[in-house]
Amino acid sequence: MKPSLFRILLLTLFGLGSHIVAADEVPVAVAANFTAPMKRIALEFHKDTGHTAQLSFGSTGKFYAQISSGAPFEVLLAADRETPARLVSEGNAVAASQFTYAIGKLVLWSPKPGVVDQKGAVLTNPGVAHIAYCNPKLAPYGAAVIEALKSLGVLDAVQPKLVQGESIAQAFQFVASGNAEIGFIALSQVFKDGKMSEGSSWILPSNLYSPIRQDAVILAKGRDRPAARALIDYLKSERSKAIIRSFGYEL
Numbered sequence: 077m078k079p080s081l082f083r084i085l086l087l088t089l090f091g092l093g094s095h096i097v098a099a100d101e102v103p104v105a106v107a108a109n110f111t112a113p114m115k116r117i118a119l120e121f122h123k124d125t126g127h128t129a130q131l132s133f134g135s136t137g138k139f140y141a142q143i144s145s146g147a148p149f150e151v152l153l154a155a156d157r158e159t160p161a162r163l164v165s166e167g168n169a170v171a172a173s174q175f176t177y178a179i180g181k182l183v184l185w186s187p188k189p190g191v192v193d194q195k196g197a198v199l200t201n202p203g204v205a206h207i208a209y210c211n212p213k214l215a216p217y218g219a220a221v222i223e224a225l226k227s228l229g230v231l232d233a234v235q236p237k238l239v240q241g242e243s244i245a246q247a248f249q250f251v252a253s254g255n256a257e258i259g260f261i262a263l264s265q266v267f268k269d270g271k272m273s274e275g276s277s278w279i280l281p282s283n284l285y286s287p288i289r290q291d292a293v294i295l296a297k298g299r300d301r302p303a304a305r306a307l308i309d310y311l312k313s314e315r316s317k318a319i320i321r322s323f324g325y326e327l
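Start counting the sequence shown at 77; every next residue gets the next number (our numbering).
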């Protein structure tokens with residue numbers, strides 16, 4: 077006996093309802109340097125899976141404190157590998173889920189052409205009074221800046237000029253607004269679709285600082301959440317990798 081039209085409709089509606097229920101929201105804490113690529117990845121993630129990534133951006137150090145205090149994040153995209161590992165050791169993240177999703181690059185930038193040279197001489201230029209960077213205690217990119225300045229042998233000379241932002245996003249705003257003539261920021265903030273934005277910049281040689289390996293991890297609150305696992309898997313997809321590379325990151 078052939079199934080009735082009514083029965084077929086019921087089965088179809090049930091299937092659609094199951095799909096709707098399966099789609100979920102996943103709260104994600106994202107390091108500020110990864111703002112632009114993650115917004116694009118989140119859009120593609122929703123299109124391809126139906127899940128929605130609720131994104132919060134900030135410094136890795138502040139996210140660590142919030143997660144340790146019970147913040148409802150299910151996934152962390154950190155600006156380092158140490159913070160996810162620490163959360164794992166403290167029982168606040170899933171060990172098997174941790175992986176490096178990007179390797180960041182540091183750039184010295186000015187929105188004005190002809191200001192930043194390709195050797196970093198501008199750092200000690202008397203005409204430069206303010207150099208923006210982010211808090212090295214909260215943001216791994218800030219720690220990389222201090223390491224690079226030591227490698228260049230100019231830390232003591234530029235120390236009085238340093239203007240500290242809470243996050244790499246705030247450091248960028250200092251420079252973009254003109255409150256600092258130049259600043260150390262993430263390459264991804266001024267690099268999009270394979271092109272640098274206007275202004276002048278110097279991508280610091282990688283031998284001046286330790287690799288900025290950025291790790292993602294499923295947090296304890298996302299341990300049994302399919303959407304959290306789906307996002308981690310999506311970050312490993314070729315579609316996500318292409319987006320990440322387009323913002324200047326290495327993989």
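By construction, the Cβ of each residue, glycine as well, lies at the ideal position given by its N, Cα and C atoms.
If you're wondering where the values come from, they're calculated on a predicted model, not measured in any experiment.
Work out the CA separation of Q246 and L92 for me, nearest whole Å. A caution first: L92 carries a pLDDT of 44, below 50, which makes its placement in the model too unreliable to give a value.
Grab me the residues of A219's own chain with a C-beta within less than 6 Å of its C-beta, minus the 5 sequence neighbours each way, in chain order. P212, listed in sequence order.
Compute the distance between the beta-carbons of L295 and F149, then report whether it is under 7 Å. Result yes, Cβ atoms of L295 and F149 sit closer than 7 Å.
Taking the straight line between their C-alpha atoms, what separation do you get for M114 and F323? Going from the Cα of M114 to the Cα of F323 covers about 10 Å.
Once you ignore the five residues that flank G167 on each side, which residues in its own chain have a CB closer than 8 Å to its CB? Result list for G167: A296, in chain order.
Do V293 and P160 have their C-beta atoms within less than 7 Å of each other? In this structure, V293 places its C-beta atom within 7 Å of the C-beta atom of P160.
Once DSSP output is grouped into helix, strand and coil, what is the label at Y285? Under the three-state reduction of DSSP, Y285 is assigned to coil, being neither helix nor strand.
Starting from the N-terminal side, write out each stretch of the alpha helix (DSSP H) that is 4 residues or longer and does not extend beyond the segment 212-273. When DSSP assignments are scanned along the segment 212-273, the uninterrupted stretches of alpha helix (DSSP H) that are 4 or more residues long and fall wholly within it turn out to be 216-228, 231-234, 244-252.
Quick one: Cα of Q174 to Cα of G203, how far? If you draw a straight line from the Cα of Q174 to the Cα of G203, it is about 45 Å long.
So, using beta-carbon positions, are A118 and A129 closer together than 7 Å? For A118 and A129, yes; Cβs fall inside 7 Å.
Assess contact between the segment 283-293 and the segment 174-184, defined as three or more Cβ pairs (one per stretch) separated by less than 8 Å. Is contact present? Look at the beta carbons and you see the segment 283-293 touching the segment 174-184: at least three pairs across the two are nearer than 8 Å.
Does the segment 278-287 touch the segment 181-188, meaning 3 or more C-beta pairs lie closer than 8 Å? Verdict: yes, contact present.
Write down the C-beta distance between T136 and D156 rounded to the nearest angstrom, noting that I regard them as a contact closer than 8 Å. Indeed they touch by this definition, with Cβ atoms about 6 Å apart.
Residues that DSSP places opposite S132 in a beta bridge: Answer by DSSP bridge pairing, in chain order: A105.
Kindly indicate the opening and closing residues of the beta strand (DSSP E) around A178. Annotation: the continuous beta strand (DSSP E) that includes A178 extends over 175-180.
Kindly say whether A303, judged by its beta-carbon, lies nearer than 7 Å to any beta-carbon of chain D. Checking the listed chains, one finds no chain D in this structure; it contains a single protein chain.
V266 and W185 - do their beta-carbons sit closer together than 7 Å? At a Cβ-Cβ threshold of 7 Å, W185 and V266 count as neighbours.
G270: buried (16+ other C-beta within 10 angstroms of its C-beta) or exposed? G270 comes out exposed.
What are the boundary residues of the beta strand (DSSP E) that S277 is part of? It spans 276-279 - the beta strand (DSSP E) in which S277 sits, taken as one unbroken run.
Collapsed DSSP secondary structure at V198 in the structure displayed: Looking at V198 - three-state DSSP - the assignment turns out to be helix.
Assign L199 to one of two classes, buried (16 or more other C-beta atoms within 10 Å of its C-beta) or exposed (fewer than that). Buried is the call here.
For a test of the three-state rule: what should DSSP assign to D124, helix, strand or coil? It is helical.
Mind checking which residues open and close the beta strand (DSSP E) that includes A303? Counting along the chain, A303 falls outside any beta strand (DSSP E), though it belongs to the alpha helix (DSSP H) covering 302-311.
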